[in-house]
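Position one of the sequence shown corresponds to residue 23 (our numbering), numbered consecutively onward. Read the structure below first, then the notes.
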Amino acid sequence: MSETLPYPDVKPEPGTDPVIPPPSDFDVLMTRLQESPHDPEGWKRLIDHAETSGDISRIRQAYDALLKQYPNNPYAQAAYINHFLDNPVTFSEAEELLNKFLRTSPAVDLWKCYLNYVRRTNPGPAIRETMRKAYDFALNHIGHDRDSGFIWAEYIQFLNAAETTTTWDTQQKMDGLRKVYHRAVQIPLDNVEKLWSELEAFETGLNKITAKKFMSDLSPAHMQARAVLRQLSNHLSGLNMGTPQSGLYLPSPANFFPHERQLIGRWKAYLKWEEGNPLEIEEKDRANLITRVQLMYRKAMVRMRYYPEIWFMAYSWTASIGNTAEAISILKQGLEANPDSFALTYAYVEQLERAELKKDQRDFSEVHTVYERFFGVLRANLARLTEAAAAAVAPPVVGTDVTADDPNADSNGSIVNINRPGSPPLPNPHHDELTERRKQYSNAWINYMRFARRALGHKAARDVFGRGRRDEYTGWELFEAAALTEYRCNLEDGRIVAARIFEMGMKKYASDVHYVLSHLGFLLTVNDENNARALFERVIGTFTPQQAKPIWERWSRSQYQYDDLEAVLELERRMAEVYPNDAPIKRFAQRHTYHSIDAIADHDLGFAKSRKLGVTGSNSLTQTPSVVSPPALNGNGPSSITGNGNGVAASASLTNLNANANKRTQPPAERKREDYKRPRGEERDRDRRRYSPPAPPPSWERDRDRERDSRPPPPRREEQAPKLPPVLHWFVTQLPPPETFNGPVFNTENLMDKLRTAVIPSSSRARASPPPPPPRSSGRPPPDYGPYQGPGSVPRGGGGRGRY
23 MSETLPYPDV KPEPGTDPVI PPPSDFDVLM TRLQESPHDP EGWKRLIDHA ETSGDISRIR
83 QAYDALLKQY PNNPYAQAAY INHFLDNPVT FSEAEELLNK FLRTSPAVDL WKCYLNYVRR
143 TNPGPAIRET MRKAYDFALN HIGHDRDSGF IWAEYIQFLN AAETTTTWDT QQKMDGLRKV
203 YHRAVQIPLD NVEKLWSELE AFETGLNKIT AKKFMSDLSP AHMQARAVLR QLSNHLSGLN
263 MGTPQSGLYL PSPANFFPHE RQLIGRWKAY LKWEEGNPLE IEEKDRANLI TRVQLMYRKA
323 MVRMRYYPEI WFMAYSWTAS IGNTAEAISI LKQGLEANPD SFALTYAYVE QLERAELKKD
383 QRDFSEVHTV YERFFGVLRA NLARLTEAAA AAVAPPVVGT DVTADDPNAD SNGSIVNINR
443 PGSPPLPNPH HDELTERRKQ YSNAWINYMR FARRALGHKA ARDVFGRGRR DEYTGWELFE
503 AAALTEYRCN LEDGRIVAAR IFEMGMKKYA SDVHYVLSHL GFLLTVNDEN NARALFERVI
563 GTFTPQQAKP IWERWSRSQY QYDDLEAVLE LERRMAEVYP NDAPIKRFAQ RHTYHSIDAI
623 ADHDLGFAKS RKLGVTGSNS LTQTPSVVSP PALNGNGPSS ITGNGNGVAA SASLTNLNAN
683 ANKRTQPPAE RKREDYKRPR GEERDRDRRR YSPPAPPPSW ERDRDRERDS RPPPPRREEQ
743 APKLPPVLHW FVTQLPPPET FNGPVFNTEN LMDKLRTAVI PSSSRARASP PPPPPRSSGR
803 PPPDYGPYQG PGSVPRGGGG RGRY
């Protein structure tokens, strides 16, 4: 059979299939980008293909698809419109696109396209008035942009080129130029200094006397603009705001790598700086400030399209100025870019809920629609992640050909089943992410349930819970939230319904320690001792000792608090069988602990003194008392810190214990709340360090210590601590540790200079001395704080200069 050549002029023979030409590179790229739209480089190749072909239909198709994925991208909008500005026949398409993109665009290049369009479509004598209005319209929108300086310069040149025939026309021309100049030189433009020089020459050419007045009045605002321009350049230099060489900037999806987090921080700092009104625009010109900040937020939403935090900042600021409609529009645009954003979804439904609550007839159908769409997006992500996790743990097929250096290959070159019984499971990188995503999905259902209860009542919240608990991806958190909501909000039978919900969840999550702990905690909280004991006995044998440890500890805390001694001792006997390595004093101390007050560990085991030693370790070095450290501080057994002998062990232990003693810490009022929270894992480590018996040192360490002890001690160098007068010694002992100081840091050189040049009157005339040099202060006499009145007194005025 002869091969059919795919030529256009060759017709297929009767009865044969028509020849289908292969798809072009453009079509292949278009199909691929429709399946995977988050590919900036792929979109750039598609645009290059379309523009290289010169086919206007392909250009339309490519840019329409691109702007569907990046609807607020001004670089793509400007490039798209420029294709229709070269031919008068396509001016109507350019006008249609300008009406669609222009008003909300922050791009100076797009407004430049608008000015070119107006200039080309308005020939004749009426063009000057039309262009003047176009320039005013453009500068009212993007005139605060640093890069709009060339448009200000073009506008000034346009006004200066106007022909005048009468004195009145000349005066109008001069007034118009002065007005534009005065606006421009107060904005941090990239050419603001050049515009200032031109304005000075312009005013001087008209009238030297009035020029001096105008320039002196404008000088403070102009200097402020120049200072802000320097700060603005510093901010923008770290934001990569330059236009790329290709002329098309497309943001990539967020991965939150370290450099991306740094970029987010820079954007947040810059936007907060803009909100702070660095130009010090007065309240009467508040509209200019709003326009400027709004312009910068629109730029940020273009560059940081896939970062919900930037969208939320824009929404919050817009709502704070009272523009609720624009704030809701920002949320809608942000959800188009980030459909799986929790922050933007919750903010949007709250706005919809508030809007409906203000109406007489409340219709929350749009809120339900938003949540349903959000659940669909999250479910799709969870399904993909579940497939990836399942594929990661799928056992390899025995007998598959592999390379010789494969670590899982046997001697015959076949992969063995490394997931056979008894072998440790392979690490699954998707498992932890899937667990977190399911928690987040449950969080969405919980917030949906909260909305239903607030807006529609308790029955609607139960309906939402009924739907959510049947979802395959929701977690135990939904059951807990529903049960606690019933217990808190249902005044009739909330406790009974909550207990039923917890029991219902046990059918699905009985193997989850966290859910069992939540259920047990609820029963203990509502004082249901019988059911709590039954739950404990039912589940405690289903977990391994390591998994069951939190359940034992939660139950034991309750029993220590409220049960009788015989029952407590029986419980400790059972725990000793399960955890034989626990020291008896550990369980005994926990039995007598209340909240975080562990008197046995703090007092009898010396942990309170060790903490005090950690704070005041620098003072302890000079006092050389015999101090015994608490057992197993570092996990290697007890050690003693003594001041006799050669002192090597003492100084080493103190050095390790007080390594961070002299570091300045932030004051307690400024510490974050998380600094005071101790995770459960750290509590267990603390208990292990407190109560575990010391392990014997290894043989090599004993040999090293024996060899060191056999050596003669090195000669000691006598060090004498500096001796202070009794009053100063008492004063030093009353001072708080240096870590607690959070005040200003004094310049010691200036302080010593002041002390050297201070005039201190002598109490004896016999010891006359030449007059000291005059002080370099303001010339006022130093205050007299009076004599020192003893250790129990407080010097008046702060002290520091009295007589002893």
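Note that the Cβ used here is the ideal one computed from N, Cα and C, for glycine as well.
- Taking P96 as the centre and dropping the five residues before and after it, the same chain places the C-beta of F123, S127, P128, A129, D131, L132 and V324 closer than 8 Å to its C-beta, in chain order.
- The stretch 205–223 and the stretch 164–177 touch, with three or more beta-carbon pairs separated by less than 8 Å.
- Using a Cβ distance threshold of 8 Å, R288 and G260 count as a contacting pair.
- For G227, the enclosing alpha helix (DSSP H) has its first and last residue at V214 to L228.
- As computed with DSSP, Y495 is found in no beta bridge at all.
- Taking P606 as reference, the option from T615, Y616, F236 and E594 with the minimal CA-CA separation is E594.
- Counting along the chain, no alpha helix (DSSP H) covers Q208, and no H or E run does either.
- The criterion of a C-beta distance shorter than 8 Å is satisfied by R517 and V548.
- It is roughly 19 Å from the alpha-carbon of L456 to the alpha-carbon of F501.
- Distances from the alpha-carbon of V214 to those of V250, E348 and F236 put V250 closest.
- By the criterion of at least three beta-carbon pairs nearer than 8 Å, the stretch 142–161 is not in contact with the stretch 303–311.
- Secondary structure note for E296: its alpha helix (DSSP H) is the uninterrupted segment P280 to E297.
- When secondary structure is reduced to three states using DSSP, I619 falls in the strand class.
- Rounded to the nearest whole angstrom, the C-alpha separation of T186 and W295 is 45 Å.
- When only Cα atoms are considered, H452 and Q462 end up about 15 Å apart.
- Counting only the Cα atoms, T232 lies some 11 Å from F224.
- Between L293 and M263, the gap from beta carbon to beta carbon reaches 8 Å or more.
- When the five nearest sequence neighbours on each side are left out, the beta carbons in the same chain lying within less than 6 Å of the beta carbon of A84 are those of L68, I69 and A72, in order along the chain.
- Three or more beta-carbon pairs drawn from the stretch 103–119 and the stretch 137–146 are found closer than 8 Å, and the two stretches are therefore classed as touching.
- A residue is called buried when at least 16 other Cβ atoms come within 10 angstroms of its Cβ; P330 meets this threshold and is buried.
- Taking C-beta atoms as the reference points, A98 and L317 fail to come closer than 8 Å.
- For A377, the enclosing alpha helix (DSSP H) begins and ends at F364 to L379.
- Non-local beta-carbon contacts of Q569 in its own chain, meaning distances under 6 Å to residues more than five positions away in sequence, involve V535 in chain order.
- When L587, D585, S533 and R576 are compared, the shortest CA-CA separation from F565 is found for S533.
- Contact annotation, W339 with E372: C-beta distance approximately 17 Å; criterion of less than 8 Å not satisfied.
- Rounded to whole angstroms, L107 and F473 show a C-alpha spacing of 51 Å.
- The beta-carbon distance between Y370 and L357, rounded to whole angstroms, is 6 Å. This is short enough to meet the 8 Å contact definition.
- Around the beta carbon of D197, fewer than 16 other beta carbons sit within 10 angstroms, so the residue counts as exposed.
- The continuous stretches of alpha helix (DSSP H) do not include D382, and DSSP gives it neither H nor E.
- Boundaries of the alpha helix (DSSP H) around Y582: P567 to Y584.
- In the structure shown, A605 adopts coil according to DSSP, grouped into three states.
- Here A184 carries a coil assignment [DSSP, helix/strand/coil].
- Selection M326, K216, E220 and L301 evaluated against L254 yields L301 as nearest (Cα-Cα).
- R327 sits in coil when the DSSP states are folded into three classes, being neither helix nor strand.
- Counting C-beta atoms within 10 angstroms of its own C-beta, K321 has 16 or more neighbours from the protein chains shown and is therefore classed as buried.
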